[in-house]
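As numbered in full-length UniProt numbering, the sequence shown has no gaps in its residue numbers, which increase by one up to the final residue, 104.
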Amino acid sequence: MNFSIQAVYNWYRNLLRNPKYRWWVVLGTAFYFLLPFDVAPDFLPVVGQIDDVFLISLLVAEISQILIEGVKARKVNTEYNQAAHDGNVSSAASTIDVDAVSVK
Numbered sequence: 001m002n003f004s005i006q007a008v009y010n011w012y013r014n015l016l017r018n019p020k021y022r023w024w025v026v027l028g029t030a031f032y033f034l035l036p037f038d039v040a041p042d043f044l045p046v047v048g049q050i051d052d053v054f055l056i057s058l059l060v061a062e063i064s065q066i067l068i069e070g071v072k073a074r075k076v077n078t079e080y081n082q083a084a085h086d087g088n089v090s091s092a093a094s095t096i097d098v099d100a101v102s103v104k
């Protein structure tokens, strides 16, 4: 098994982006942060806090990214709804272009 920090980061990030598991991961991270017994125990002077700082910074970065994407999506949706309400939406904006391929 090939272990890397990038693999752990991708796994954690994908769990946070899944709405089904998001709050479980946030609560688990908070619980891990508060426990004195973890990968590097907190009673060790510097090493004990490194894993906690890494995990909290990763959590804050990913949650802020999710919030930013949500705000952007809400803004686009609001602008589209306002344009639709005003009658300024062209038919091209509500049309989906599909390339169909026949199956034989």
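Yeah, the Cβ is synthetic: ideal placement off N, Cα and C, and Gly gets one too.
Item	Value
Do the region 77-86 and the region 34-47 make contact, defined as three or more Cβ pairs closer than 8 Å?	no
Residues in its own chain within less than 8 Å of V26 by CB, not counting five upstream and five downstream?	L16, L59, I63
Excluding the 5 residues flanking Q49 on each side, which residues of the same chain have their C-beta closer than 6 Å to its C-beta?	none
Assign S91 to one of two classes, buried (16 or more other C-beta atoms within 10 Å of its C-beta) or exposed (fewer than that).	With a pLDDT of only 49 at S91, under 50, the local geometry of the prediction cannot be trusted, and no value is derived from it.
Leaving aside the five residues before and after T29 along the sequence, list all residues of the same chain whose C-beta is less than 7 Å from its C-beta, in chain order.	L55, L59
Between Y21 and the rest of its own chain, which residues show a CB-CB distance below 8 Å, the 5 nearest in sequence each way excluded?	L15
Need the endpoints of the alpha helix (DSSP H) that V8 sits in, please.	5-17
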